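Here the sequence shown stands for residues 1 to 697, where the numbers follow the UniProt record's numbering.
All C-beta atoms in this analysis are idealised placements derived from N, C-alpha and C, irrespective of residue type, glycine included.
Computed from a prediction, not measured in an experiment: that's the story for all the values here.
These notes concern the structure reproduced below.
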Amino acid sequence: GVPGQTVLFPIVIQNEGTVPDSFTLTWTRPANRWTAVLTDGVNDYALPWTTPVMTPGEARTYYLAVTISDRADYTSYLSLLDAVSSTDGRISESVSAVVAVGSANEIDLWIDGGGDDVYGLIGTGLGGFSVREAGPGETIFFTITLENESGTDLFDLSWAAPPGWEVLIGDSTSTMRGAASGVYLLEVRVPALCPDGTFDIILDGRKADKPYLVDSVTGRIIVANSYAVDALIDGYGDDVYGAPGSGGGGLSQQSAPAGTGAAFALELQNEGSAPDAYGIAWSAPAGWNADIGGSPSPCSTAQIAAGGSAGFVFDVDVPSAAAPGDYDIIIDIVSSVDPNSVESVTARVTVTAATAFIAVTVFDDEDHDGLRDEGEPGLSGVSVLVTDPAGDIAAATGAGGTFLFEVGAGVPRVAVETTPPGYYSLSPDTVPVAALSAGDTARVFFADVMGPIFTPNQNTSAPAGGFADFAHTIAAGTAGQASLSAAPPAGWVEAFYRDNNGDGLLDSGDTMLSSADLDLDPAVPGRDVVPVIMRIYIPPAVPAGTVEVIGVRLEQVFAGTAVTARADLLDGVQVLAAASGLLRLVKEADLAAAQPGEAITYTISFSNPGTESVQEIEIIDILPDEVDIVTDAFGPGGDIAWISGAATAYLTADPADPDEALYDPASRSLRIVLSRRAPFALGPGEEGRIVFRVRIR
1 GVPGQTVLFP IVIQNEGTVP DSFTLTWTRP ANRWTAVLTD GVNDYALPWT TPVMTPGEAR
61 TYYLAVTISD RADYTSYLSL LDAVSSTDGR ISESVSAVVA VGSANEIDLW IDGGGDDVYG
121 LIGTGLGGFS VREAGPGETI FFTITLENES GTDLFDLSWA APPGWEVLIG DSTSTMRGAA
181 SGVYLLEVRV PALCPDGTFD IILDGRKADK PYLVDSVTGR IIVANSYAVD ALIDGYGDDV
241 YGAPGSGGGG LSQQSAPAGT GAAFALELQN EGSAPDAYGI AWSAPAGWNA DIGGSPSPCS
301 TAQIAAGGSA GFVFDVDVPS AAAPGDYDII IDIVSSVDPN SVESVTARVT VTAATAFIAV
361 TVFDDEDHDG LRDEGEPGLS GVSVLVTDPA GDIAAATGAG GTFLFEVGAG VPRVAVETTP
421 PGYYSLSPDT VPVAALSAGD TARVFFADVM GPIFTPNQNT SAPAGGFADF AHTIAAGTAG
481 QASLSAAPPA GWVEAFYRDN NGDGLLDSGD TMLSSADLDL DPAVPGRDVV PVIMRIYIPP
541 AVPAGTVEVI GVRLEQVFAG TAVTARADLL DGVQVLAAAS GLLRLVKEAD LAAAQPGEAI
601 TYTISFSNPG TESVQEIEII DILPDEVDIV TDAFGPGGDI AWISGAATAY LTADPADPDE
661 ALYDPASRSL RIVLSRRAPF ALGPGEEGRI VFRVRIR
């Protein structure tokens, strides 16, 4: 070794006497500043030291760790280790440990940080030591540091693996030639069938150009098999464990009428590191039978590989005389190798009275024949009930339009549907169901169709001697001929038009409404949604200020049936003087739907269909909470566009600006005061537009 270095000498102490004995060890240093301890690789023992009592013939291995004086000369030094019997002081032994002090070793191996400046001869592993615990089949890694203390940075490494083991550094399985200094991972793969025990891997290193400069470290692996089992019952109880007799490792509950049975899926998972088989035991209630694959309690499984699992069916026969209630069967599992490896789960059988089932289905009867045909969709969320002596059982149909009622057998019942709003029944809403035997299922079908949707109610104003127009939309729910009628005051005249461009205004492209227009069918484009305009003529003699509400009715006879659907609206009109200015507002959006972050352009069109100018116009639009107004939508300072004829003025939403637009974030109201800076009059037949953008939050 070199000055300041610790060198290790393996020491074997043998009791060669015929009686138990211990031995006191003393060490004679070769010179001042030299020290030594005795170590077993885990604990260090200061010298002198007395061994534990050793039986006759017993041998123990220790290491004499000698630390060379940092002032030692380059020469050989003799130290002595003496042993004296504690039983008979005449019995002694003495060995010598010679240290040749020279220049630096040039190579130093560390293992997991241990072994710095400690050196071992080839094959001894004394230059560093690390211990790891592992189970069979596991892979562990030791960190090897190869230090070049001086000289050429090239080394040869070699190691040997226990039989059946794989030990690698990178792709190398036993040697590395010409390796440079650095940090390497020593990968150790423990065989899957490795027995319990302690296994050493000794890694030797040599200087490539000076093979007499060496170091050697030891990686020790302590292998211990573990035994553990986890039971799942119907999938319940994963990673939950119960003591024997507790059933606490998982619980599954199944319902079964008396005289029937239940089948539980029992899965055993071998969470240990070695193959294992298990004993299974249970105790069923008096008069009950239970088995696993036909085997009564107790029974045993075949061996299950480590990390593997096996499934079983736990069959339970419920006696016909069993009273309703919950019955628990505790299933205990124990390892065939380790009696401390146990598990316990619960199979709970809820005995019910003899039951039957009524499947109630509500469907969209698209062809109006009262029968459910292939492809006709079920209606979900419809309220249905089945009568019961203990109180009616109410429910709502599921995604497929069906709800399955579980009822007591032997009792006649009635199934009832509550037709959902906007729908019409094409079959009776009440259907009697005869008494059912246990386990039987009756099926009841209710045929519904959606009626037409007629919207919205409208309010407007119009001059005496003029016309009031009301825009409506008809959306078909099912096929069938429809008609429109109105009940205006005496002397008033109504007419219906198809709004062919859907703009809500009666213009040159619109046509008188025909029966063909009202032959509704949701599956036919143009007949699925029909925009209409009702025009009312107001006689000239009607006084200004008169307010009338006109009822409008849509009726539809469903195709192939005599069932008639009705939808009513109320349109209100305020009569103006014969010569009056009028203001009509229409708001439109460029998108029918938008995603968060997208922008929508709103256009508010204002026009004067009257005979005189309209002044002091103020337009107020309350924005919904889900949007924010977009500033600079038309360029800097251009939040809002006011289009009047061929001219366009750009306004800001800031209420502090003197222009015509004022936006209040607190009330979310956008006000356009057209006469704020200068008088503005909207002449007869004139129109303008306010355009702005909002962004979805």
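Beta-carbon gap between residue i and residue j smaller than 9 angstroms
i	j	result
L505	V586	yes
F129	T218	yes
D521	A562	no
A415	V384	yes
G688	W642	yes
V614	A681	yes
D499	A476	no
I629	F692	yes
P136	N225	yes
A359	V411	no
A567	F454	yes
A356	A438	yes
L266	I304	no
Y119	V42	no
D448	L379	yes
G287	A322	yes
L109	G123	no
A347	D328	yes
G401	P377	yes
I474	V557	no
L80	A97	yes
Residue nearest to residue i in terms of C-alpha spacing, selected from the options
i	options	result
D364	P420, D204 and W642	P420
Q595	V98, N500 and E626	E626
A396	A390, F9 and V362	V362
E271	T350, E149, V240 and Q254	V240
E612	R697, A577 and S675	A577
V229	G261, D367, S252 and P275	P275
R553	S485, V66, N608 and S514	S485
E366	A589, M450, E598 and A359	M450
V99	I600, T67, S86 and V444	T67
G151	L232, E106 and F141	E106
G178	P191, G205 and W159	G205
E149	P525, G235, A180 and G170	A180
A678	V694, P684, R668 and D659	D659
A353	P319, Q458 and G391	P319
V382	G572, Y424 and G247	Y424
R671	G685, I690, G683 and T430	I690
G249	E406, S344 and L121	S344
L203	G125, F9, D234 and D112	G125
T387	G375, V349, V431 and P296	V431
Q254	S273, A208, F314 and D238	F314
T26	A310, S76, V349 and Y45	Y45
Status (buried if at least 16 other CB within 10 Å, exposed otherwise) for residue i
i	result
T18	exposed
N340	exposed
R33	exposed
I617	buried
K210	exposed
Q5	buried
F403	buried
A516	exposed
L518	buried
P512	Per the sequence shown, the amino acid found at residue 512 is Met instead of Pro. M512 should be labelled exposed.
E16	exposed
S607	buried
S483	exposed
Residues near residue i in its chain [Cβ-Cβ closer than 6 angstroms; skip 5 each side]
i	result
residue 750	Nothing about residue 750 can be read from this structure; the chain reaches only from 1 to 697.
E133	I222
I11	Y62 and L64
D338	Y227
Neighbourhood of residue i by C-beta, 8 angstroms cutoff - its chain only, sequence neighbours within 5 removed
i	result
V53	P20, D21 and S22
Residues of its chain near residue i, where Cβ-Cβ distance is below 7 angstroms and the 5 sequence neighbours each way are ignored
i	result
G491	P539
One or two residues paired with residue i in a DSSP bridge
i	result
A482	Q556
R693	T601
Q253	R348
L266	I233 and F312
D171	None, per the DSSP bridge assignment.
I201	G219
Cutoff 9 angstroms: residue i Cβ touching any chain B Cβ
i	result
P489	Absent from the structure: chain B. Only one protein chain is present.
Any non-hydrogen atom of the ligand NAD closer than 8 angstroms to residue i Cβ
i	result
L379	Absent from the structure shown: the ligand NAD. Ligands present: none.
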